[in-house]
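Engineer:
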Amino acid sequence: MKRDRINHAVIVCAIVCIFLVTGCETLRKKFVRKRKKTESTEPMVIVPRDYSAHPFPSDVLYKQYFVYWKSWNQELVSSLIDKLSYKKILDCAQQSLVNLRKMKDLLADEKANELQVYIDRTQDLEARIEHAKNLPPSQMNMLKYDAERILSTVNRNFDSRKMKDHLK
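Residue numbers (our numbering): 14 to 181.
1) Should S98 be labelled buried (16 or more other beta-carbon atoms within 10 Å of its own) or exposed?
2) Tell me the residue span of the alpha helix (DSSP H) that contains A160.
3) Could you name the residues that DSSP lists as bridge partners for L89?
4) Round the Cβ separation of A121 and K76 to the nearest angstrom and send it over; I've been treating them as touching at under 8 Å.
5) Taking the beta carbon of M57 as the centre, do at least 16 other beta carbons fall within 10 Å, making it buried, or is it exposed?
6) If I follow the unbroken alpha helix (DSSP H) through L103, where does it start and stop?
7) Mark L33 as exposed unless 16 or more other C-beta atoms lie within 10 angstroms of its C-beta, in which case mark it buried.
8) Are there 16 or more other CB atoms within 10 angstroms of the CB of M14, so buried, or fewer, so exposed?
9) State the beta-bridge partners of L183 as determined by DSSP.
10) According to DSSP, is I59 helix, strand or coil?
11) If you compare alpha carbons, which of S92, L110 and W82 is closest to D137?
12) In this structure, does DSSP put Y78 in helix, strand or coil?
Below you can see the structure in the form of structure tokens.
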């Protein structure tokens, strides 16, 4: 009996020692030295860059803005045809107007004044879209018709190939 108690005590002590040594982590993780974190005292320096000058010539920029304008205006027309959400239609009109203005900035004065007429028409179209959330189908068709007319006229008269000689 005494021997059984001693055996039980030894076994219990061995189990307790094993649990104390191992803990919740594996032995490998428990005895591996952790790395010290080095705090960098050097502040991060960000050098400002000047992006004011465009690396592209004006004909490349004009062509780029023309393609953007054309795609936004086509998206506007298709949104009006499909009667998509009001926000989508308004966003298309606004982006179309932004790109028309950028095109105008790259044109010489004479052609810029001609393009201003279509900028004004697009502004008027955008204003009508802003003030008319729930339009009847007949007025939606009028907006679509106006957007199509602006698209076809500007596409025909201000194509990037025709405007190469009229850029600043």
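Note that beta-carbon positions come from the ideal geometry of N, C-alpha and C, so glycine has one too. Just so we're clear, the structure is a prediction, and the values are computed from it rather than from any experiment.
Structural biologist: According to the structure data:
1) exposed
2) P150 to N170
3) None, per the DSSP bridge assignment.
4) 16 Å between Cβ atoms; not a contact.
5) exposed
6) Y99 to L119
7) exposed
8) exposed
9) This structure gives no information on residue 183, because the portion of the chain shown stretches from 14 to 181.
10) coil
11) L110
12) helix
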